[in-house]
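If you use the numbering used here, the first sequence corresponds to residues 44 to 164, in order.
All C-beta atoms in this analysis are idealised placements derived from N, C-alpha and C, irrespective of residue type, glycine included.
All remarks here apply to the structure that follows.
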Amino acid sequence: MNAYEIIYATVRQIPYGKVATYGQIAELSNLPRRARLVGYALFRVAADADVPWHRVINAQGTISESPFRQGNDYLQRSLLEAEGVEFSPAGKVDLRKYRWQPEVDPPIADAPIALPESDCP
DNA sequence: GCCATGACGGAGC
DNA sequence: TGCTCCGCCATGG
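Encoded structure:
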């Protein structure tokens, strides 16, 4: 399976109403520090694939623009808003709240993460 | 085959 | 907070 296939598969797993960052997708695709490749992969597949590319944004919570997709950034934002994702006046998404956390869904967010030293070998 | 570029990330200032 | 620089790799000229 190509790295791209893994990237696409990962993006497809992003649930409704959630978003993920390029770095996150890269890491989940076993490609740490290759966020750029993820963006490039999505750029190539977005035209002819059923990948929810609109749920992938940069680590700053903003939607990147590109000369090729001018106007589409607004579409992406609309799609996310339609899924319940809120944007700040600056056009940023609250990653802290909407970032997809695969196989992990801690009900609490304010509580500090306890380190189970007694359980750690 | 080399060089410049790009939907990014993170560290440094 | 915001800007700059570097790394990383695939693609196109």
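Could you tell me the boundaries of the alpha helix (DSSP H) in which K140 lies?
138 to 141
Can you name, in chain order, every residue of its own chain whose Cβ lies under 7 angstroms from the Cβ of Q77, other than the five neighbours on each side?
Just to set this straight, residue 77 is Arg in the shown sequence, not Gln. Excluding residues within five positions, the ones whose Cβ falls inside 7 angstroms are A69.
Would you say K135 and G114 are within 7 angstroms of each other, going by their C-beta atoms?
no
Give every residue of the same chain whose Cβ lies closer than 7 angstroms to the Cβ of I100, excluding the five residues on either side of it in the sequence, and list them in chain order.
V62, T64, I106, V136
Kindly indicate which three-state DSSP category V128 falls into: helix, strand or coil?
coil
Under the rule that 16 or more other beta-carbon atoms within 10 Å means buried, what is Q190, buried or exposed?
With the chain covering only 44 through 164, there is no way to say anything about residue 190.
Neighbour-count burial assignment, P95, 16 or more Cβ in a 10 Å radius:
buried
Using a Cβ-Cβ cut-off of 8 angstroms (strictly less than) and excluding sequence neighbours within five positions of A92, which residues of its own chain qualify?
Y51
Relative to the alpha-carbon of A84, which residue among N45, A133, W143 has its alpha-carbon at the smallest distance?
N45
Going by Cα to Cα distance, which pick from K140, Q56, S131 is closest to S72?
Q56
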